[in-house]
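Peer 1:
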Amino acid sequence: MILTAVGDRPQEKDAIMGHVLELLAYLHHAGIIPESVYHYEPPKDKYSLQQPPTLYLLSSKILTALSDAAWRAHELAAASENQKQAKYNIFGQEIPGSRYKVRTPELGSEVWLELVLWSCLHGGWTMDGADILKKLSRYKDDSRWARGTQAKSQERFMVDKTISSEVVAAYIDGVLNRVTAGVGNRGEPVATIFNFVTTFKGLLDRDNLGLGTATWESIIVRFMESGGIDPNLQARWLERLLYFSSKFDEELEYHNAAREYEDSPGSPSYILDPSSISLGVLHQALRIHIKNSNLTGAAEVVSRLQSLTDENKKRSMQKFFEKLNRRSEDDFVPESFSSNVDPMDYPIYFPQIPPALLAGVLSLATQNQAYDFARQLLYSDDIDGPLIPQELYGYSGIAAAITRYALAVDDANVLARLKPNQSERGGLNPEASWAILEIQMRRQEWDIVENVIGHLAVHNTKGRVANISALLARQLLILQDKVLRQGEKPTETHPLAKAASIFRKLIKTRFGDNDQERYHRFHGVWN
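If you read the sequence shown in numbering that gives the first Met the number 0, its first letter stands for residue 0, the second for the next number, and so on.
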């Protein structure tokens, strides 16, 4: 009714607000509106949610106005009765004494709306109050609520159609407590809560306001801890949470940004410190996409990670030069051998994707034959270098993924860069060795193949030697089929003869001299 009176039917505002005050007076009389709405104590912790003292300071005027509204309602009801109206007709249309009643200054509709919103919070009707706040956000142009003013504006003391940022922050906290965790029918679906919070964030953003006592990064944590999102399954939901990610220094630019108070020495540092929760959320989303073999989703997450970090680096550079210019304008004298600008540590300058996830993305790209995307991971011309720099080639998972990629595109260059890193860690892992082996087989480099197989046969278990045997046997079948189709007569220098010789040696190494029958059977096959 308050929103309708102010935004939709301003010509009927007085009549509608009269009914509003009557209803509020009745709710007070019935004890429905909590008394705690009017209580105010300076918070012990300045970083906790707090209600502004507006209602506390105006409580006497509010109660007087409601009392006056209740009396007027009673007066109108009494005047409508024919008998009483006739009895007091000599005094006019009002009951005796009412014309001499002291009138109190009218309170704006903003105060009454603030009272209703805080009453819903204190009374446990959070979702009803959230619906009111959501409707308020829909008013645009001249009907818009919560219009901010500039500090130097002549209208800076005007509070028409204004509500406190504290009540919006309190509702964000309140609706987050209502997320259903799958226990019974309690709570609201996470999609509903997400819709409310994004709406309230937009309400604050348009006047450059934040949560005041926390950062938006903490809202991401609240959603993750609510139990309404399964971080091991719902990758798209994790990506949607990035709507609340803050850019470099953005939280400090809000008009009501959280500050470090000298009288609150025990306050937790995470309130003011930048967070890497955005990176963690995207890393988890990437892990889910890799697990589900969703290359499109994985590529989108990688792109978002790069965009997020690039934007933060760009803003960091802008702020650096702005600060440098301000100090120059103030005739700041720099100290010798020191920077003119204080350094700032920020955790979202780089994607920081774990090696295991990088290996998974590269393998997924190779499996889906997205070789251009895979090549970008290894050979990017970006100023920060590729996502998979050569320093990470020593990790076994990345080494295996690189060998699979090199095998698919026949890229010997990347394998050449891979070998030194693997040597520092004790040599190539078996999977990387097999991939290199297969590439050399394709290149018909049988001397290299013989050396590699000899090394693997000596230093690996019988099970792994059997896998190498299968790999070599497949190549033998390919070569034999080629010889038969072309009608060739292989000589001792022919690839088939060399491959067969290596295969016989491997079988002998595998089974030893005690199994002559099996050895001679294999020997006869390729003789």
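Quick reminder that beta carbons are idealized off the backbone N, C-alpha and C, glycines included.
Around the Cβ of residue 485, are there at least 16 other Cβ atoms within 10 angstroms (buried) or fewer (exposed)?
Peer 2: Mapped onto the sequence shown, residue 485 falls at position 486. Its Cβ having fewer than 16 others within 10 Å, residue 485 is exposed.
Peer 1: How many Å lie between residue 150 and residue 283 at the Cα?
Peer 2: Translated into positions along the sequence shown, residue 150 becomes position 151. Translated into positions along the sequence shown, residue 283 becomes position 284. Caution is warranted here: a pLDDT of 40 is assigned to residue 150, below 50, making its placement in the model unreliable, and no coordinate value can be reported.
Peer 1: Is the Cβ-Cβ distance between residue 241 and residue 292 less than 8 Å?
Peer 2: Looking up residue 241 in the sequence shown gives position 242. Looking up residue 292 in the sequence shown gives position 293. Taking 8 Å as the Cβ cut-off, residue 241 and residue 292 do not qualify as a contacting pair.
Peer 1: Please report the distance separating the alpha-carbon of residue 446 from that of residue 297.
Peer 2: Start at 1 with the first residue of the sequence shown, and residue 446 comes out as number 447. Start at 1 with the first residue of the sequence shown, and residue 297 comes out as number 298. Distance between the alpha carbons of residue 446 and residue 297: 40 Å.
Peer 1: Whole angstroms is fine: what's the gap from residue 115's alpha carbon to residue 177's?
Peer 2: Working through the sequence shown from its first residue, we reach residue 115 at position 116. Working through the sequence shown from its first residue, we reach residue 177 at position 178. Distance between the alpha carbons of residue 115 and residue 177: 20 Å.
Peer 1: Can you list, in chain order, the residues of its chain with a C-beta nearer than 6 Å to that of residue 101? Leave out the 5 residues immediately preceding and following it.
Peer 2: By 1-based counting over the sequence shown, the position of residue 101 is 102. With a pLDDT of only 46 at residue 101, under 50, the local geometry of the prediction cannot be trusted, and the value read off the model is given with reservation. None.
Peer 1: Taking 7 Å as the cut-off, is the beta-carbon of residue 121 closer than that to any non-hydrogen atom of the ligand MG?
Peer 2: This structure simply doesn't include the ligand MG, nor any ligand for that matter.
Peer 1: Straight-line CA distance for residue 227 to residue 124?
Peer 2: Walking along the sequence shown from the start, residue 227 turns up at place 228. Walking along the sequence shown from the start, residue 124 turns up at place 125. Cα to Cα, residue 227 sits roughly 21 Å from residue 124.
Peer 1: For residue 295 and residue 313, what's the separation of their Cα atoms in angstroms?
Peer 2: Sequence index remark: in the sequence shown, residue 295 carries index 296 (1-based). Sequence index remark: in the sequence shown, residue 313 carries index 314 (1-based). Taking the straight line from one Cα to the other gives about 27 Å.
Peer 1: Looking at C-alpha atoms only, which residue of 233, 239, 251, 191 is the closest neighbour of residue 210?
Peer 2: The residue you call residue 210 lines up with position 211 of the sequence shown. It is 251 whose Cα lies nearest to the Cα of residue 210.
Peer 1: Tell me the rounded alpha-carbon separation between residue 303 and residue 402.
Peer 2: Against the sequence shown, residue 303 aligns to sequence position 304. Against the sequence shown, residue 402 aligns to sequence position 403. Approximately 27 Å, taken between the alpha carbons.
Peer 1: Using the Cβ count rule (16 or more neighbours within 10 Å means buried), how would you classify residue 254?
Peer 2: By 1-based counting over the sequence shown, the position of residue 254 is 255. Residue 254 is exposed by the Cβ-count criterion.
Peer 1: Does the beta-carbon distance from residue 46 to residue 197 come in below 8 Å?
Peer 2: Along the sequence shown, read from residue 1 onward, the residue named residue 46 stands at position 47. Along the sequence shown, read from residue 1 onward, the residue named residue 197 stands at position 198. Contact: no.
Peer 1: Answer yes or no: do residue 120 and residue 169 have a C-beta to C-beta separation smaller than 8 Å?
Peer 2: Along the sequence shown, read from residue 1 onward, the residue named residue 120 stands at position 121. Along the sequence shown, read from residue 1 onward, the residue named residue 169 stands at position 170. Yes, the Cβ-Cβ distance between residue 120 and residue 169 is below 8 Å.
Peer 1: Using 8 Å for Cβ pairs, my map puts residue 356 next to residue 285. What's the rounded Cβ distance?
Peer 2: Position 357 of the sequence shown, counted from the first residue, corresponds to residue 356. Position 286 of the sequence shown, counted from the first residue, corresponds to residue 285. Right, the Cβ-Cβ distance comes to about 5 Å (below 8 Å), so this counts as a contact.
Peer 1: Counting only the same chain and skipping the five closest in sequence on each side, list residues whose C-beta sits under 7 Å from that of residue 496.
Peer 2: Within the sequence shown, the letter at position 497 stands for residue 496. Same-chain partners within the cutoff: 489, 490.
Peer 1: How is the alpha helix (DSSP H) around residue 361 delimited, first residue to last?
Peer 2: One-based indexing of the sequence shown puts residue 361 at position 362. Residue 361 -> alpha helix (DSSP H) spans 354-366.
Peer 1: Which same chain residues end up closer than 7 Å to residue 185 when comparing Cβ atoms and leaving out the 5 residues on each side of it in sequence?
Peer 2: Working through the sequence shown from its first residue, we reach residue 185 at position 186. 179, listed in sequence order.
Peer 1: Are there 16 or more other CB atoms within 10 angstroms of the CB of residue 18, so buried, or fewer, so exposed?
Peer 2: Indexing the sequence shown from 1 puts residue 18 at position 19. Exposed.
Peer 1: Considering only their Cβ atoms, is the gap separating residue 494 from residue 439 smaller than 8 Å?
Peer 2: Here the question's residue 439 lines up with position 440 in the sequence shown. Here the question's residue 494 lines up with position 495 in the sequence shown. No, the Cβ-Cβ distance between residue 439 and residue 494 is not below 8 Å.
Peer 1: Out of 208, 412, 200, state which residue places its alpha-carbon closest to the alpha-carbon of residue 133.
Peer 2: By one-based count along the sequence shown, residue 133 stands at place 134. The shortest C-alpha separation from residue 133 is found at 200.
Peer 1: In or out: residue 14 buried (at least 16 other Cβ within 10 Å) or exposed?
Peer 2: As a first step, residue 14 is located in the sequence shown; it is residue number 15 there, counting from the start. Exposed, because fewer than 16 other Cβ atoms sit within 10 Å of the Cβ of residue 14.
Peer 1: Taking just the CA atoms, how far does residue 465 sit from residue 375?
Peer 2: Counting from 1 along the sequence shown, the entry for residue 375 is found at position 376. Counting from 1 along the sequence shown, the entry for residue 465 is found at position 466. In a straight line, the C-alpha of residue 375 is about 35 Å away from that of residue 465.
Peer 1: Please return the same chain residues whose Cβ sits closer than 8 Å to the Cβ of residue 31, not counting the five positions on each side in sequence.
Peer 2: Translated into the one-based positions of the sequence shown, residue 31 becomes position 32. Once the five neighbours on either side are set aside, the close Cβ partners of residue 31 are 122.
Peer 1: Please report the straight-line C-alpha distance between residue 126 and residue 174, rounded to a whole angstrom.
Peer 2: One-based indexing of the sequence shown puts residue 126 at position 127. One-based indexing of the sequence shown puts residue 174 at position 175. Looking at the two C-alpha atoms, the distance is approximately 7 Å.
Peer 1: How many Å lie between residue 396 and residue 238 at the Cα?
Peer 2: On the sequence shown, residue 396 is found 397 positions in, with the first residue counted as 1. On the sequence shown, residue 238 is found 239 positions in, with the first residue counted as 1. Looking at the two C-alpha atoms, the distance is approximately 26 Å.
Peer 1: Quick one: using the 10 Å Cβ neighbour count with 16 as the cut-off for buried, is residue 68 buried or exposed?
Peer 2: Within the sequence shown, numbered from 1, the residue matching residue 68 stands at position 69. Flag for residue 68 reads buried.
Peer 1: Cβ of residue 160 within 8 Å of Cβ of residue 137?
Peer 2: Within the sequence shown, the letter at position 161 stands for residue 160. Within the sequence shown, the letter at position 138 stands for residue 137. Result no, Cβ atoms of residue 160 and residue 137 do not sit closer than 8 Å.
Peer 1: Using three-state DSSP, classify residue 444 as helix, strand or coil.
Peer 2: Looking up residue 444 in the sequence shown gives position 445. If DSSP states are grouped into helix, strand and coil, residue 444 belongs with coil.
Peer 1: Considering residue 238, what are the terminal residues of the alpha helix (DSSP H) in which it resides?
Peer 2: Numbered from 1 along the sequence shown, position 239 holds the residue referred to as residue 238. Start and end: 234-239.
Peer 1: Run through the DSSP bridge pairs and tell me what residue 187 is partnered with.
Peer 2: Counting from 1 along the sequence shown, the entry for residue 187 is found at position 188. Per DSSP, 178.
Peer 1: State the Cα-Cα distance for the pair residue 453 and residue 436, rounded to the nearest angstrom.
Peer 2: Residue mapping note: residue 453 aligns to position 454 of the sequence shown, counting from 1. Residue mapping note: residue 436 aligns to position 437 of the sequence shown, counting from 1. When rounded, the distance between both Cα atoms is 11 Å.
Peer 1: Use the C-beta contact count for residue 29: other C-beta atoms within 10 angstroms, 16 or more gives buried, fewer gives exposed.
Peer 2: The residue given as residue 29 occupies position 30 in the sequence shown. By the 10 Å Cβ count, residue 29 comes out exposed.
Peer 1: Verify whether the separation of the beta carbon atoms of residue 203 and residue 163 is less than 8 Å.
Peer 2: Numbered from 1 along the sequence shown, position 204 holds the residue referred to as residue 203. Numbered from 1 along the sequence shown, position 164 holds the residue referred to as residue 163. No, the pair does not count as a contact, with Cβ atoms beyond the cut-off.
Peer 1: Mark residue 381 as exposed unless 16 or more other C-beta atoms lie within 10 angstroms of its C-beta, in which case mark it buried.
Peer 2: In the sequence shown, the residue the question calls residue 381 occupies position 382. Exposed, because fewer than 16 other Cβ atoms sit within 10 Å of the Cβ of residue 381.
Peer 1: Measure the alpha-carbon distance for residue 289 versus residue 363 and round it to whole angstroms.
Peer 2: Translated into positions along the sequence shown, residue 289 becomes position 290. Translated into positions along the sequence shown, residue 363 becomes position 364. Those two C-alpha atoms are separated by around 7 Å.
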